[in-house]
Amino acid sequence: MAHDSGGLSREEFLRVQEQLIELRNRNYELQEELKRKSNEISQLSNSHSTKSDALQFASKLISRSKDKDSAKYEVEIENLQRKLATQEEEFRLQQETLFAEINKITSMNEGLKKASEISPENEGNSTLDAEYQSLKSELEKSKVRIEELEQKSTTLQELLAAEQAKKLEQDSLIHGLENQLLECRAEMETNEKEAAKKAQDLEADQCMLNMMVELKKYQDERETMIKSYKEMENSLEVQSELVQKNQKLEKSVDYLSQNLEESKRHFEEIQMKYNSLVENEQQKINQSVESALKEYRDQALITENKFQLEVSDMRKEFEKERDELLLKIRRLEDKISAKDEEKNMALKKQTALMKELQRSLKEERKRADSLEKKSEEKAGWHVVGQDMETRSSHTFDGNESISSLSALESDNVELINRLTTLQSLHHESVSRVNLSILLFLKLKFVAKPLGN
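Pasting the structure below:
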């Protein structure tokens with residue numbers, strides 16, 4: 001009874017042990033959750049670094065496009081200002097010359113009026129009236145010219161106003177781009193601040209880890225104390241101290257769990273903000289990439305149209321050259337056919353001449369044989385005289401036959417030379433035709449892939 005009234009009962013001690021076991025399990029769960037959260041934080045920091053790189057790249061792209069546009073607009077504005085200055089200078093010179101002419105005409109008009117008032121003669125008046133009318137017409141012409149120049153000046157002023165309005169629009173556009181760049185920089189600064197906050201949160205998580213380590217130490221101490229409880233079951237004072245320590249440990253565990261829940265909520269809020277920022281930056285980057293892709297597609301379309309026009313021009317030139325080559329081939333074929341006909345005619349003439357030569361040779365041989373027979377049959381002085389005559393006639397006929405043979409041989413040589421020249425021309429024309437056919441086939445094979 002004294003043991004029951006002075007300290008904890010066995011049931012209470014078992015209940016305390018169960019609570020300690022539950023706290024230990026809770027501690028392990030919290031440690032695992034803390035590891036998981038630290039892994040998530042490291043992943044988020046890595047994704048934040050990649051997103052910040054993408055944001056820097058987008059800001060560089062925006063700054064480059066802004067610099068290019070501003071340089072182009074400045075060049076256009078300078079050109080327009082130069083043009084306007086030259087036009088204003090021309091207008092000023094024309095206006096000065098016109099005013100000088102008007103002053104001259106008015107002075108002449110006043111002088112003529114004075115002269116007409118002073119001179120009493122009618123003839124002088126008539127001449128002065130004519131001069132006055134001419135000067136008046138010149139004055140009207142100059143007035144018309146002044147009106148035209150004034151209209152030109154108004155149009156130039158309108159153009160200047162339009163260009164100034166364009167310049168203002170461009171300035172506003174540049175200002176808007178600068179504002180966008182400033183906004184991007186501000187967002188980057190906010191992202192950096194949030195990253196710093198996240199680093200602070202990581203430090204807070206590290207503190208939580210330290211607290212968990214301390215909690216583990218407390219648990220180890222508690223386990224040692226439990227061992228000591230087993231050894232000192234009978235000592236009520238030790239049991240009361242253990243209960244007090246256990247209560248303190250429970251309070252510290254509750255406090256740590258509350259801090260952990262608050263840190264979780266804070267971390268979830270930071271994560272939501274970071275996700276929204278990342279989505280906004282991603283949308284901006286996608287818009288800039290889409291605009292760049294659109295410009296690239298437009299440029300590709302322009303180059304493709306240009307290439308198609310160049311290909312069509314090349315095709316037309318190729319068709320023209322092909323038609324010219326076909327005409328040349330037809331002409332060469334006509335020339336070859338004409339040369340073949342000439343060759344055939346020359347061969348026919350040569351064969352006819354050879355036949356005539358053979359026939360004349362046969363006739364001359366017959367005549368020579370007959371003359372020899374006659375000379376052998378005859379004898380005596382008369383025979384000798386006749387023989388001399390026949391010999392003279394025979395020599396005469398022989399000379400004629402020799403001259404005819406030489407003429408025939410020369411004709412034959414000429415015909416042979418002509419045949420050789422015709423054959424060489426034929427070979428040259430055939431080689432040219434072959435070359436032209438090869439060129440035509442090559443051009444045809446080249447034209448097929450172009451047509452496809």
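The opening residue of the sequence shown carries number 1 in full-length UniProt numbering; numbering runs sequentially from there. Glycine is no exception: its CB is placed at the ideal position from the N, C-alpha and C atoms.
CB contact flag (residue i, residue j, <8 Å)
i           : j           : result
residue 270 : residue 197 : yes
residue 348 : residue 422 : no
residue 327 : residue 432 : no
Whole-number beta carbon distance between residue j and residue i, since they are thought to touch under 8 Å
i           : j           : result
residue 273 : residue 187 : Wrong, their Cβ atoms sit about 12 Å apart, outside the cutoff.
residue 30  : residue 260 : 7 Å
Cβ shell of residue i (< 6 Å), same chain only, five flanking positions each side left out
i           : result
residue 304 : none
residue 383 : Caution is warranted here: a pLDDT of 45 is assigned to residue 383, below 50, making its placement in the model unreliable, and the coordinate value is therefore given only provisionally. Here the set comprises nothing.
residue 17  : none
residue 343 : 422
residue 289 : none
residue 380 : Only weak support exists for where residue 380 lies, its pLDDT of 47 falling under 50; the coordinates are left without a value.
residue 166 : none
residue 320 : none
Sequence-distant residues of the same chain with beta carbon closer than 7 Å to residue i, five excluded per side
i           : result
residue 78  : none
residue 391 : With a pLDDT of only 46 at residue 391, under 50, the local geometry of the prediction cannot be trusted, and the value read off the model is given with reservation. Excluding sequence neighbours, residue 391 sits near nothing in its chain.
residue 294 : none
residue 123 : Low per-residue confidence applies at residue 123: pLDDT is 46, beneath 50, and the placement is therefore not dependable, though the value from the model is reported in the following sentence. If we look at residue 123 and ignore the five residues flanking it on each side, it has no Cβ neighbours.
residue 388 : Low local confidence applies: a pLDDT of 46 at residue 388 is under 50, so the model's placement there is unreliable, with the coordinate-based value given in what follows. Contacts found: none.
residue 40  : none
Residue i Cβ short of 7 Å to the ligand ADP heavy atom set
i           : result
residue 322 : For the structure depicted, the ligand ADP is absent and the ligand set is empty, with no information on it obtainable.
Cβ shell of residue i (< 8 Å), same chain only, five flanking positions each side left out
i           : result
residue 277 : 187, 190, 191, 194
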